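In this note's numbering, the protein residues as written are 12 to 755.
All C-beta atoms in this analysis are idealised placements derived from N, C-alpha and C, irrespective of residue type, glycine included.
This one's a predicted model, so the numbers in the text were calculated from it and none came from an experiment.
Each remark here refers to the structure printed beneath this line.
Put into structure tokens, the structure is as follows:
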């Protein structure tokens, strides 16, 4: 839909002279405000939100808001104060509209006049560490945040202000600020990136308030390209190869897959959804002709649904790529997003209300009002988090994230495009959660957001040297080197590919992906199979990771587990000193605390986490070994967590190599009764029956004598193809990609 709609949008902009109504505000019509006022007499979630806003704004109605000269990085006083200012002004604007109390309007007016007086007195923030130094903040990104929020506050009092004050604020603050973020900083404004989404929305929203069609056009379509051939602070390119468009619509077109996945990962999808949705809301309120929520098959609404699906049982987003752990749909961005999905969407609409009930909060907007009413009317239904495949790339052709769910377990495999400067070198990695608890973890980002003691709250240097490195993830490390030589440009050029995904049978769900870019001369494939059988207390995970090597190389499979090690068949040799595991590629941060050779053809590692036991059952060879490692070496500032891991090592040989294992969740422990049933795995053997480029066959057996044989075709994903594989004692025949056969 792209080019045709661009023309339509431009014609609409040129044909409409007045684009901001006399009543209501940027995101709320007068009729909606009248409805919202009825909730002020009721005891419901929306009324509670209004009261909370009143309480937060009240201290500043008499004291006013400080507008300091900028000095600090994130977490410092001036940074935090300017963030507080836009938050308070936004709330005050809605409170003025709902209550008619012009004390709120005066607070906004007086604060904005202070900003207008300060704005022309200096050039940029004194900090120079950003590729786009800001005005009131150290980076333009935060200034764009300020303008997105403050434009809402300004719109709420725009008609209340006298003409002279409007002229002052428009000419001395808002128009110069919009120019600062756009024409004066094109390397920030013209990107396909979450930074530019904030900038585009900020400039467009203030343009709507001021009736400035030039700003709106720039926001939607970007600026003419000049020389922006540089990189940002995370190593990402400012202008993508082949990029011909910029602006808000281009950021929608490029950033989302047809399934609604945002290319930088869930954490930044959460962050970017606020400007996407707030500007879309403003456009819908004031430019109905654009039909923005139906743009590109309702891609923004799909993005909300996908983002909720990319969270665990506790609502925490899967920490893929740069991500602060613990970020969840309890955030203000998702409260807004869910309210908009409820107001505009159809899919799983009442199911979203169950999340709102969990949040026990709604945003201060019309969607929040509708949610509150619906909950009071008993319309809540359960939200269905399900197994699914989420494609990546704006055409859905740049890999995917696969999620297998069953019995409160969640397995997430990542084989997406890199994610530019926020991407990690973690192709074919997977995470595991049980009941919302991390069991096999991704490190996430090395950053303490807004904590001044930790480098001003920005990304720490260990984010590049540890958190992005392959060894920090649960995926194969070849030759103790990071994938793609740790080069973003190499990783961006090609993506892993989906081989097979099938969740139609609740008793056997399977996902498989391939990669040939991570390591030169290496073909990799990982297949995860979630198997549900009454013989097991919980579903078990069969993991088959094959690597075809062009030469002999060391193979290392990290398992970054959470919990306490209980037991292992590997006879651990404890070390009196703690040697480093290596000197680069993240290994310089790992102490080797133990090592052990393989004990025969079958080995187990058993650990405990939050009252539940987990066992990795491994098909091994005599050449295999294990390392036990601890994170924290070469970290004098203690920036890293002291996480633990065990690494399964193989001597990789030219040709085909296979890691085959079964992960079982079992048993329990009660701290009150001190009873601990089923602390050991029920599996007693895992065998590789056959492995080649084309086929893999494995068996596993439990202590009751039940045996399963799984066979997979690695080279033909057709569901109609017929296969035959001769083993020592039998010939297996099947149709399709795989077969699971239970032998009693």
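{"Asked": "From what residue to what residue does the beta strand (DSSP E) around residue 724 run?", "Found": "718-724"}
{"Asked": "Since residue 429 and residue 484 should fall inside the 8 angstroms C-beta cutoff, what is the C-beta to C-beta distance between them, to a whole number of angstroms?", "Found": "The Cβ separation is near 13 angstroms, so there is no contact."}
{"Asked": "Within the continuous beta strand (DSSP E) that includes residue 753, where are the two ends?", "Found": "749-754"}
{"Asked": "Give me the Cα-Cα distance between residue 587 and residue 550, rounded to the nearest whole angstrom.", "Found": "39 angstroms"}
{"Asked": "Within the chosen definition, does the segment 254-261 reach the segment 206-217 through at least 3 CB pairs nearer than 8 angstroms?", "Found": "yes"}
{"Asked": "From residue 416 to residue 577, what distance separates their C-alpha atoms?", "Found": "26 angstroms"}
{"Asked": "Candidates 616, 423, 463 and 61: which alpha carbon is nearest residue 539's?", "Found": "423"}
{"Asked": "Which residues in the same chain have their Cβ closer than 7 angstroms to the Cβ of residue 461, if we skip the five residues on either side of it in sequence?", "Found": "85, 86 and 468"}
{"Asked": "Per DSSP, what kind of secondary structure is residue 391 in: helix, strand or coil?", "Found": "coil"}
{"Asked": "Are the CB atoms of residue 642 and residue 581 within a distance shorter than 8 angstroms?", "Found": "no"}
{"Asked": "By alpha-carbon positions, which one of 708, 121, 662 and 657 ends up nearest to residue 627?", "Found": "657"}
{"Asked": "The alpha helix (DSSP H) that contains residue 578, what's its start and end?", "Found": "Unbroken run through residue 578 is the beta strand (DSSP E), 575-579; no alpha helix (DSSP H)."}
{"Asked": "Out of 113, 697, 377 and 747, point me to the one whose CA is closest to residue 296's CA.", "Found": "377"}
{"Asked": "Short of 7 angstroms in beta carbon distance, which residues of its chain neighbour residue 102, apart from the five on each side in sequence? Order them along the chain.", "Found": "64, 67, 68 and 375"}
{"Asked": "In its own chain, which residues sit with a C-beta less than 7 angstroms from the C-beta of residue 505, not counting the 5 before and 5 after it?", "Found": "528"}
{"Asked": "In chain order, what residues of the same chain have a beta carbon less than 6 angstroms from the beta carbon of residue 746, not counting five sequence neighbours either side?", "Found": "733"}
{"Asked": "Would residue 314 pass as a contact of residue 273 if the rule is Cβ separation under 8 angstroms?", "Found": "yes"}
{"Asked": "Across which residues does DSSP place residue 679 in a beta bridge pair?", "Found": "According to DSSP, which records beta bridges pairwise, residue 679 is partnered with nothing at all."}
{"Asked": "Assess, as a yes-or-no matter, whether the segment 112-131 is touched by the segment 181-191 under the definition of 3 or more beta carbon pairs within less than 8 angstroms.", "Found": "yes"}
{"Asked": "In chain order, what residues of the same chain lie with their CB nearer than 6 angstroms to the CB of residue 107, ignoring the 5 residues before and after it?", "Found": "115, 116 and 167"}
{"Asked": "What would DSSP say about residue 446, mapped onto helix, strand or coil?", "Found": "coil"}
{"Asked": "Excluding the 5 residues flanking residue 346 on each side, which residues of the same chain have their C-beta closer than 6 angstroms to its C-beta?", "Found": "374"}
{"Asked": "Using 8 angstroms as the threshold, is the segment 153-171 in touch with the segment 219-229, meaning 3 or more CB pairs across them?", "Found": "yes"}
{"Asked": "Starting from residue 277, trace the alpha helix (DSSP H) in both directions and tell me its first and last residue.", "Found": "277-297"}
{"Asked": "Any contact of the segment 67-81 with the segment 399-409, i.e. 3+ C-beta pairs under 8 angstroms?", "Found": "no"}
{"Asked": "Note down, in chain order, each residue of its chain lying with its Cβ closer than 7 angstroms to the Cβ of residue 341, except the 5 sequence neighbours on either side.", "Found": "326 and 370"}
{"Asked": "So who's on the other strand from residue 157, going by DSSP bridges?", "Found": "None, per the DSSP bridge assignment."}
{"Asked": "Between the Cα of residue 421 and those of 520, 366 and 196, spot the shortest distance and give me the residue it belongs to.", "Found": "520"}
{"Asked": "Report yes or no: do the segment 631-638 and the segment 646-653 share at least 3 C-beta pairs separated by less than 8 angstroms?", "Found": "no"}
{"Asked": "Applying the 10 Å Cβ sphere with the 16-neighbour rule, what's the burial state of residue 175?", "Found": "exposed"}
{"Asked": "Run through the DSSP bridge pairs and tell me what residue 670 is partnered with.", "Found": "556"}
{"Asked": "Taking 8 angstroms as the limit between beta carbons, can you name the residues of its chain near residue 738, skipping five residues before and five after?", "Found": "700, 701 and 708"}
{"Asked": "Taking one C-beta from the segment 43-59 and one from the segment 378-387 each time, how about it: are there three or more such pairs within less than 8 angstroms?", "Found": "yes"}
{"Asked": "Kindly identify the DSSP beta-bridge partner or partners of residue 413.", "Found": "400 and 424"}
{"Asked": "The alpha helix (DSSP H) with residue 433 in it runs from where to where?", "Found": "Taken as a continuous stretch (DSSP letters only), residue 433 belongs to no alpha helix (DSSP H), as it is neither H nor E."}
{"Asked": "Along the chain, where does the alpha helix (DSSP H) containing residue 190 start, and where does it finish?", "Found": "186-192"}
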